[in-house]
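Numbering (the UniProt record's numbering), first residue to last: 1 to 170. A virtual CB, placed ideally from N, CA and C, is assigned to each residue, including glycine. Let me begin by presenting the structure, written as structure tokens, before commenting on it.
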């Protein structure tokens, strides 16, 4: 049995992402966070990158390929995109990249708002285990995990973010 990985602090990972993203921003760039963890990370990135970059959020519940099997999540939130997506350079933000299915669903929803010029992906953690050919351009940390382990992003009442490791074995 392999030891559990040591999970990094979130704030340095977000600062790393912000530094990498800052060098690639254009006047058509926008941040879009995927609910829930990706929206939290996008908010922190927005605070570091400045108010001149638009910020939006997506709730991809209806776009998931497992919707008919899983049903509706009890806390569906409306997506909020208050800027033109057509021709924009979208930086899609999520907390943990695993199979790629969440990102695929988010891209499908984004295209309902218009056709962006480009979509880049920023993730706090890449844990491996892809089922779709999706890769992040900006990665806070790579933490390979076996399928039974999952990383969860948590937010306390003061808005501080932390990571926890969950074991899904029964």
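Setting aside the 5 residues that flank it on each side, residue 150 is surrounded in the same chain by 166 and 168, each with a C-beta closer than 7 Å to its C-beta; the list follows chain order. Counting only runs of at least 4 residues, the stretch 80 to 133 fully encloses the following alpha helix (DSSP H) elements, listed from N- to C-terminal order: 101 to 113.
Taking the Cβ atoms as the reference, residue 138 lies roughly 5 Å from residue 17, within the contact range of under 8 Å. The stretch 30 to 42 makes contact with the stretch 82 to 98, as at least three CB pairs between them are under 8 Å. For residue 152, the three-state secondary structure derived from DSSP is strand. Straight-line measurement puts the Cα of residue 127 at about 27 Å from the Cα of residue 80. DSSP, read as helix, strand or coil, puts residue 22 in helix. Counting the other Cβ atoms within 10 Å of the Cβ of residue 142 gives fewer than 16, which makes it exposed. The residue among 110, 163, 52 and 145 with its C-alpha nearest the C-alpha of residue 3 is 145. Residue 155 and residue 163 do not touch by the CB rule: their CB atoms are close to 11 Å apart, not below 8 Å. Pairing residue 112 with residue 104, the inter-Cα distance amounts to about 13 Å.
Of the candidates 140, 52, 117 and 25, 140 places its Cα closest to the Cα of residue 7. Counting only the Cα atoms, residue 114 lies some 7 Å from residue 84.
If you ignore the 5 residues before and after residue 32, its C-beta comes within less than 8 Å of the C-beta of 42, 55, 56, 57, 58, 81, 90, 91, 92, 93, 106 and 110, all in its own chain and listed in chain order. For residue 60, the closest C-alpha among the options 99, 36, 119 and 28 is that of 36. Its chain contains 49 as the residues whose beta carbon lies nearer than 7 Å to that of residue 22, once the 5 sequence neighbours on both sides are disregarded; these appear in chain order. Contact annotation: residue 108 and residue 46 have beta-carbon atoms that are not nearer than 7 Å.
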